[in-house]
Structures are given as C-alpha cells and as structure tokens.
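Trainee:
Protein chains in written order, with our numbering: chain A, 238 to 331; chain B, 413 to 887.
#1: Name, please, each residue of chain B whose Cβ falls closer than 7 Å to the Cβ of residue 303 of chain A.
#2: Per DSSP, residue 584 of chain B is paired with what?
#3: Under three-state DSSP, which class holds residue 819 of chain B?
#4: So for residue 771 of chain B, helix, strand or coil by DSSP?
#5: Measuring only between beta-carbons, confirm whether residue 413 of chain B sits less than 8 Å from chain A.
#6: Counting only Cβ pairs nearer than 9 Å, list the residues of chain A close to residue 765 of chain B.
#7: Is DSSP giving residue 330 of chain A helix, strand or coil here?
#8: Can you tell me the Cα-Cα spacing of residue 663 of chain B and residue 806 of chain B, whole angstroms?
#9: Can we say the region 517-526 of chain B touches the region 731-751 of chain B, given the rule of at least three CB pairs closer than 8 Å?
#10: Who are the near neighbours of residue 766 of chain B in its chain, counting only those whose CB is closer than 8 Å to its CB and skipping five residues on each side?
#11: Within 8 Å of any Cβ in chain B, is that where the Cβ of residue 306 of chain A sits?
#12: In three-state terms, what does DSSP make of residue 604 of chain B?
#13: Alpha carbon to alpha carbon, how far is residue 489 of chain B from residue 547 of chain B?
#14: Closer than 9 Å by beta-carbon distance: list the chain A residues that pair up with residue 510 of chain B, in chain order.
#15: Measuring only the C-alpha atoms, how far is residue 313 of chain A from residue 736 of chain B?
#16: For residue 496 of chain B and residue 248 of chain A, I'd like the C-alpha separation in whole angstroms.
#17: Within 10 angstroms of the Cβ of residue 304 of chain A, are there 16 or more other Cβ atoms? Answer buried if so, exposed if not.
#18: Helix, strand or coil for residue 459 of chain B? Go by DSSP, reduced to three states.
#19: Tell me which residues share the same chain as residue 581 of chain B and place their Cβ nearer than 8 Å to its Cβ, disregarding the 5 neighbours each side in the sequence.
#20: Which residues bound the beta strand (DSSP E) around residue 636 of chain B?
#21: According to DSSP, is residue 413 of chain B part of a helix, a strand, or is it coil?
#22: Counting only Cβ pairs nearer than 8 Å, list the residues of chain B close to residue 328 of chain A.
#23: Considering residue 265 of chain A, what are the terminal residues of the beta strand (DSSP E) in which it resides?
#24: Give me, in chain order, the residues of the same chain whose beta-carbon lies closer than 8 Å to that of residue 633 of chain B; leave out the 5 immediate sequence neighbours on both sides.
#25: Taking Cβ-Cβ distances below 9 Å as the criterion, which residues of the region 452-470 of chain B are in contact with chain A?
#26: Could you confirm whether any beta carbon from chain B is found closer than 8 Å to the beta carbon of residue 331 of chain A?
#27: Based on Cα-Cα distance, which residue from A:263, A:281, A:257, A:279 lies nearest to residue 824 of chain B?
#28: Output, in chain order, the set of chain B residues within a Cβ distance shorter than 8 Å of residue 255 of chain A.
#29: Residues of the region 597-611 of chain B in Cβ contact with chain A at a cutoff of 7 Å, in chain order, please.
#30: From the beta carbon of residue 397 of chain B, is the nearest beta carbon of chain A less than 8 Å away?
#31: What are the residues that DSSP puts in a beta bridge with residue 808 of chain B?
#32: Starting from residue 689 of chain B, trace the alpha helix (DSSP H) both ways and give me its first and last residue.
#33: Is it true that the CB of residue 650 of chain B sits closer than 8 Å to the CB of residue 613 of chain B?
#34: Give the range of the alpha helix (DSSP H) segment to which residue 725 of chain B is assigned.
#35: Where do the N-terminal and C-terminal ends of the alpha helix (DSSP H) with residue 705 of chain B fall, by residue?
#36: Touch check for the region 784-798 of chain B and the region 697-711 of chain B: three-plus C-beta pairs under 8 Å?
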C-alpha cells in the first residue's frame, strides 16, 4: 500500500527534505502504523453520520478592539531569521 | 522540619506566610538540588539565571500583603509554554535560538501570583512521545531509577519535581503527557477539562486535544496550581466557562465505575498494573465508595483513532515552522527549497513520521477512510463515556499498563510507544478531566517498587470532584 515513491511524494507535499535511506526506513514504519490504525474500520458506524461533537459551538466576535498599530512589530521581527528593517525577507516567488 | 525540596506547595506556602522561610532561601535550596542533579537527570533544558531575583521579588510581594499560596513557590515550566523574552524550543532543533515574544496566559497568571520559575523542562520534541527520549536535546532520566525513562512527553517536568528541583510544574497533555510521566515518577498529575485552561502561548500539537495542567506531589497541590491557571481567556477562543457544562447532582459518596479490562483484549498492550489496580479499587470500597462495572465498548479503538487524528492536526500545526518567522532557517536554491531544507534539518524522526502520516491521512482519496472515520469513532468513544456517566460519577482505571520502562526499550518501536496512552487518551478524545494519583506508596510515603498510578476521570468541569476523591485515595 505504501511504497518508497509514496513516501517521497508525501515528504514533498509536507516540504521535508529526506534522504533515500530515510524514505526507505519510513516506508516500513508508516506501513506498520497504518496497519495498526486500520482497526478503526471495524468500529460500528451506527449513528456515526452525526459525528460532530455535541459540545461543539461557534465562537464569534466582532472585528474590533484592535491593539495599537505596530505594538508587537519589533518583537516579532526580532525573531525572524532574515529581516530588513521592519520587514521579513524571503526569496522571490515568481 | 522536612528538607526544603521535599516540601509540598501547601507546606511551603504556610512557612512563607508565617515568615518562617523566605522565598529566597527556599529557591536557593531548590536551585542547589536542581543544579547538582540536572547534569545526570537532564530534567531542565535551561535553569534560569535570575531565579533568586524572582524570589526576592516574591518576598517583597509577600511583605506587601500578597497571600497567594503560589507566591514565592519554585515551579518548573515545560518548554512548550512561552515565557516572554526567554528561549523556548519544544525540544526541537527547528526552534533553536527562538525567544518568546509574549507570555502564555498561564504564565501571566502565575507571574501575577508571584511564582518563581526555575527553568524550562525537557520534553519529547513538540510533545510527541511517551518517554522524553524524542528530545533533540537528549533523554531525561527517571530520578527514581536512572536506567528508566521518566515517561513523556512532560518527562522533564515530572523529573524536575521528583529530583527535588521544583515544588510543582506545568505540563501539557494531548494523550497522557501529564498523567503518564506523573505516574512514572510517583507524582500527581491533572489533565484538566478541554478548554478549562487557556492555551494561548502553548506551542500547538493537536488542537482538538491539547490542554495545559499541573504536576505536583499531592492532590492538594494540583488543586492549588489548577485553580491558579484555569479560566476562560479572550486570547483563546477554545477556552470556556465552567457554566458551559451541566453540574452533576451527587448525593452521598460519588459512585465509581470500572470497566472490564478484557475490553482491551487484542489491542496489544500487556497490562501489568492489573493487581495493583484491583487493590486500589478495593481500597475505594473500603473507604465506602460503591463500585460498579460499566461498559466502554469502543475504548479499544482509542489509541488507533488518536494516531489518525493527532498526526492530521500535528502536520497542519507544524506547517508554520518554515524558517521564515522563527528559529532555524537553512538556505536553499529557492523559497520552497528553503522550507524543505529547514524542515529536513530541524524536525526529528518522530516528528517527521507523524507529519508524513498526517499528510497521508488528510490527502485526497484517503481522508474519508482515515480522518473522517476517526472522527466518527471518536464520537462513539465519547458516547460510551456519556452513557457511563449516567450511572456513575467517577470512572477509575490504571493510569498506565506498567511502570516506567528502560531507556531505549521502546524507542525503536513506535506502536509499542503509542500503546503507552491506552488508559489516558480516552479523556483527551472526550475532553473530560482526569487525575492520576500514586497507587503503590509504602506506609512511609516512599516507593518499594517503581511507582504506579491510578486514574480517576469525571464529567466535564468536575475537577473538584476529582480532587475530593483523589484526596480520599491519597490518605
């Protein structure tokens, strides 16, 4: 079900660099974990269409009470690995 | 008088209040122990260099009339909780060098009370694990037997208390990460009701499961710490008021429910705590509690369900660590390559494993089979609990299937490690509170064998019921 190519594809989707050796190792491990979780398929599906937790409810708030502009800017920028003044620098996308 | 590091929070606060002890002296004693033992135990990733200044501040607060139990009390903080301007790593290389830009709500609450923070404690990377062996900064050892794990993921917090390097600690619990290490180190641990404690400033793992809670030496101390951190918070929209849930009417002694452990047959975990658990049940009977059998027929699916839901949520939550805004950044050929190289270098083995599983179970064509099915089974598990709480007030189980295992014993067998959560994870699925209390203490209050714990679970927001029952059991 899971082969090395699939792991490679998933690692690519998740944006994680992996060596071929690691992909090979993960193939077996992921297969084993998926076999383990497979047992949930036997669980009864009666009433399960209504799977939303009955305790769930929406939390709404007005879009107001803004904090003062640039209150946190300096602190947040401080932690960015690459910055230029009040900007975070990234590589060009196009 | 007890030597200071052996004091409970309650005992320390009495001495502090009577001015028989200053926070500075207490903190100094605790620091001495922490510094002496940390080299071997590795409970702390960092012991703060300003503890004595914090203690002096607390002493001033006390002189000015602050009577908070926690004022001046040395506490350890799991290193996935933000303290402004201090480093925080979640035990991952990917956050190396990062400093928190704000206080977690639990931290600002404790600061207001005058707690002294001793340091940041070790954990499994991003709280993914049950032994603290998945830390990028080395394993933590169990202070009661250094060839064994302290449990995890809050293993550093548990070990810090058990070695005498803190009077209490904060941990976080997504599947058992407070309760299992507390149990392995002979401590009390509370996983509070989901939403009862703000998670603003907690590095997210599984957002539908995570909760911050106390780890302490006694049930009374857990109560003090919990009452100091709980409450709805405008910074966390998943936090709720107590009034959100109906209050259970209980006349007389709470009724205890136990489920037949055979319902876990076939899951693959060897339950060695069976005899100790039966003795604990008998103790409750002797204390006058009625005990009846309940059915939790879907509990056998709790761990497999978790290992679909958690990786799905974790892979989404961890997508933010891309080298742009925080910590580690590795230069690549282009923007995407930067992400890949950064995550490739920054995330450890178990984290990558779970991100890959999460990406798989959420990917097109598989999400119905895995993720949506898991949500349905999670609801079935919750239904079992709701049903059980119609006839009983408390559900009692062992906290773990066995006592602390050897370092290295399970680290290469992910599924064996996952089964550590077998008794603890149902409370996270359902959101109910759960308390672990040591169950094999000898009459002198020590342990002849490695510690075991018993777990009490109650309906949502019934922590006070857990404290009452836990104190009875602890006597």
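Beta carbons: idealized from backbone N, C-alpha and C, even for Gly. Note that this is a predicted model, so its numbers are computed, not measured.
Mentor: Quick answer:
#1: Those within 7 Å of residue 303 of chain A in chain B number zero; the least Cβ separation is about 14 Å.
#2: Under DSSP, the beta-bridge partners assigned to residue 584 of chain B are B:624.
#3: DSSP places residue 819 of chain B in coil when its eight states are reduced to three.
#4: Assignment of residue 771 of chain B by DSSP, reduced to helix, strand and coil, places it in the helix class.
#5: In this predicted model, residue 413 of chain B has a pLDDT of only 45, less than 50, meaning its place in the structure is not dependable; the value taken from the coordinates is given anyway. At a cut-off of 8 Å between beta-carbon atoms, residue 413 of chain B makes no contact with chain A.
#6: Per Cβ cutoff of 9 Å: 263, 266, 267, 270.
#7: For residue 330 of chain A, the three-state secondary structure derived from DSSP is coil.
#8: Whole-angstrom Cα-Cα distance: 13 Å.
#9: A contact between stretches requires three or more CB pairs, one per stretch, nearer than 8 Å, and the region 517-526 of chain B fails this requirement with the region 731-751 of chain B.
#10: Counting only Cβ-Cβ distances below 8 Å, and skipping sequence neighbours, we find 540, 722, 723, 726, 727.
#11: Taking a beta-carbon distance threshold of 8 Å, residue 306 of chain A does not count as an interface residue toward chain B.
#12: Under the three-state reduction of DSSP, residue 604 of chain B is assigned to coil, being neither helix nor strand.
#13: Annotation: residue 489 of chain B to residue 547 of chain B spans about 16 Å, alpha carbon to alpha carbon.
#14: Neighbours of residue 510 of chain B across chain A, judged by C-beta separation under 9 Å: 316.
#15: Answer to the nearest angstrom: the Cα atoms are 12 Å apart.
#16: Going by the C-alpha atoms only, they are around 34 Å apart.
#17: Counting Cβ neighbours within 10 Å, residue 304 of chain A comes out exposed, since fewer than 16 surround it.
#18: Reduced to three states, the DSSP call for residue 459 of chain B is strand.
#19: Correct list, in chain order: 487, 488, 489, 490, 533, 566, 569, 570, 572, 573, 626, 627, 628.
#20: Where residue 636 of chain B is concerned, there is no enclosing beta strand (DSSP E), although the alpha helix (DSSP H) it sits in stretches over 631-641.
#21: Reliability of the predicted coordinates at residue 413 of chain B is poor, the pLDDT of 45 falling under 50, and the value obtained from them is presented with this limitation in mind. Three-state result, residue 413 of chain B: coil.
#22: Under a criterion of Cβ atoms nearer than 8 Å, the residues of chain B adjacent to residue 328 of chain A are, in order, 746, 747, 750.
#23: Not the beta strand (DSSP E): residue 265 of chain A falls in the alpha helix (DSSP H), residues 257-274.
#24: Same-chain partners within the cutoff: 420, 421, 422, 579, 580, 600, 626.
#25: Cβ contacts with chain A come from no residue of the region 452-470 of chain B.
#26: No - not a single Cβ of chain B is within 8 Å of the one on residue 331 of chain A.
#27: The shortest Cα separation from residue 824 of chain B among A:263, A:281, A:257, A:279 belongs to A:263.
#28: Residues of chain B whose Cβ lies closer than 8 Å to the Cβ of residue 255 of chain A are, in chain order, 756, 764.
#29: Contact annotation: in the region 597-611 of chain B, no residue has its CB less than 7 Å from a CB in chain A.
#30: Since the first and last residues shown for chain B are 413 and 887, residue 397 of chain B lies out of range.
#31: In DSSP, residue 808 of chain B forms a bridge with B:868.
#32: Residue 689 of chain B -> alpha helix (DSSP H) spans 686-698.
#33: If you check the CB distance, residue 613 of chain B and residue 650 of chain B do not come in under 8 Å.
#34: Where residue 725 of chain B is concerned, the enclosing alpha helix (DSSP H) stretches over 714-729.
#35: For residue 705 of chain B, there is no enclosing alpha helix (DSSP H); the enclosing beta strand (DSSP E) has its first and last residue at 703-706.
#36: Output reads yes: the region 697-711 of chain B touches the region 784-798 of chain B.
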